[in-house]
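In mature numbering (1 follows the signal peptide of the UniProt record, and there is no 0), the protein residues as written are -27 to -1, 1 to 315. The C-beta atom is built at its ideal place from N, Cα and C for all residues, glycine as well. In this text the structure is predicted, and so the values were computed from the model without any measurement. Right, one structure below, let's go through it.
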Amino acid sequence: MIRTTNLITAGAVAAFGLTAWSGVATAADSHTIKFGNVISAGDTQNQGYELFAEQVAEGTDGRITVEVYPDGQLGGEREMIEATQFGDIEMTAPSVGVLANFDKSLEVFDFPFIFEDADTAHEVLDSELGDEMLAGLADSGLIALGWGENGFRNLAMTDGTVRVPEDMEGIKLRTMQVPMHIAYWESIGAAPTPISFPEVFTSLQQGVVDGVENPYELLYSARLTEPANYLTETRHIYDPEVLLINKDFYESLSEEDQEVIQSAADAAIDKIRSLKKTVSDEIRAEIEAEGGTVTDLTEEERQAWIDSAVPFYADNASEVDTEKLKAILEAAGNATFLEAIQ
């Protein structure tokens, strides 16, 4: 498995908030890393992040401690990326869809149905191509420690099951503030509605939106399957996350401490991916046991979803780094969409 071992450096960032890190760190320096994310406490990602915290403390003899703040305690994903850039917090792990607002080359991962399964996604992300994609963060004041995982996104609706793209006509669907996500749903007639994640539950309850799309685990742990209990396993987007650390803080550490942090990040990613292999089936069973409905698509229905994305690729490939999109599709063995944009 290839990870970002040649860690990504970045250009200068705003000086305020970073004064505590000026100068050269010594081996005796103590630090506290605030690590914020929007994922629910106890979810697979936060189990990985807690392992990260344990290994950093152990590897530095307690000189560096990691405080993990789940559930959006430190803000939404965009806010925490900015806070990490400016040094207000040291680490975060956003969805690549939100991170693409800071580096447009990452928008290629916002196209639907790229990866057929997680193993294919891991192979591509852990390759030199995946490292190259992370290198696009070089001017952002951030260092990428590796590709985490949120999982495949599925649909959850408040009033009836969606089976084919035509069922989305006029549906108000909560999405992230991600241009390519919004463009795809608009292309099949839906009404995508960006809403900050902490506000989604209330928006579903009050009818502001008719549905939401996210991996099963996050839908369930955030209780979104209570108001939106008609689920469809569309697996329309594989959603990687990126473990980020503030550049100035990271570079203030000794090489030994940097190695501890990278090793701990690798271990966290391995644990998250291992847990993700079974969590979807387990969570799906929990949702059904509590009265939710989870629908599998037939082969013909899934093909209808894939077919619905072909015009989207043709119309939007030029809006992103087309050569990188082609490279990702080729690496994933996705001939359908590769042909659509040639």
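Fewer than three beta-carbon pairs drawn from the stretch 63 to 78 and the stretch 256 to 276 are found closer than 8 Å, and the two stretches are therefore not classed as touching. A residue is called buried when at least 16 other Cβ atoms come within 10 angstroms of its Cβ; Gly21 meets this threshold and is buried. DSSP lists no bridge partner for Leu79. With contacts defined as CB atoms closer than 7 Å, Leu204 and Thr17 fail to qualify as a contacting pair. Shown here, Gly124 sits in a strand according to DSSP, grouped into three states. Annotated three-state conformation of Asn219 is strand, per DSSP. Looking at the DSSP output, Thr205 bridges to Leu128, Thr268. For Ile155, the enclosing alpha helix (DSSP H) starts and ends at 152 to 160. Three or more Cβ pairs drawn from the stretch 283 to 301 and the stretch 97 to 117 lie within less than 8 Å of each other, which places the two stretches in contact. In the same chain as Thr33, and ignoring 5 residues on each side of it, the C-beta atoms closer than 8 Å to its own belong to Asp230, Val233, in chain order. From the listed residues Gly49, Glu186, Arg126, the smallest Cα separation to Asp90 is found for Arg126.
Taking Val267 as reference, the option from Gly143, Glu224, Tyr193 with the minimal CA-CA separation is Tyr193. Within the same chain, Cβ atoms closer than 6 Å to the Cβ of Phe86 are found at Ile279, Ala282, the five residues on either side in sequence being excluded. A straight line joining the alpha-carbon of Thr166 with that of Leu177 spans about 12 Å. For Val29, the closest alpha carbon among the candidates Phe59, Ala241, Asn187, Gly184 is that of Ala241.
The residues Tyr189, Val267, in chain order, have a CB closer than 6 Å to that of Arg257 in the same chain once the five nearest residues on each side in sequence are set aside.
Only residues of its own chain outside the window of five on either side were considered, and among them Asn10, Ile12, Ser13, Val41, Pro43 have a CB closer than 8 Å to the CB of Asn19, listed in chain order.
Beta-bridge analysis with DSSP links Asn19 to no other residue. Along the length of the stretch 247 to 293, whole beta strand (DSSP E) runs at least 3 residues long occupy 266 to 268, reported in chain order.
Between the C-alpha atoms of Glu303 and Leu311 there is a straight-line separation of about 7 Å. Checking the DSSP bridge columns, you'll see Tyr189 has no partner listed. The beta carbon of Val97 sits closer than 7 Å to the beta carbons of Gly103, Ile301, Ala304, Ala305 from its chain, once the five residues preceding and following it are set aside; these are given in chain order. C-alpha of Gln46 to C-alpha of Ile6: approximately 15 Å in a straight line. For Gln235, the number of other beta carbons within 10 angstroms of its own is at least 16, and it is reported as buried. In terms of Cβ geometry, Asn202 and Gly265 form a close pair [threshold 7 Å].
For the pair Thr175 and Ala308, the Cα-to-Cα distance works out to about 41 Å. DSSP places Thr309 inside the alpha helix (DSSP H), whose first and last residues are 308 to 314. A straight line joining the alpha-carbon of Lys145 with that of Phe8 spans about 33 Å. Around the beta carbon of Ser113, a 10 Å sphere encloses 16 or more other beta carbons of the protein chains shown; the residue is thus reported as buried. Its chain contains Ala237, Ala240, Ala241, Lys244 as the residues whose beta carbon lies nearer than 8 Å to that of Leu24, once the 5 sequence neighbours on both sides are disregarded; these appear in chain order. The three-state secondary structure of Ala117, taken from DSSP, is strand. In the displayed model, Ile245 falls within a helix according to three-state DSSP.
By alpha-carbon distance to Glu101, the top candidate from Phe88, Leu115, Gly119, Thr134 is Gly119.
In its chain, beyond the 5 residues on either side, Thr65, Leu217, Asn219 have a beta carbon closer than 6 Å to the beta carbon of Thr57.
DSSP lists Thr148 as the beta-bridge partner residues of Pro167.
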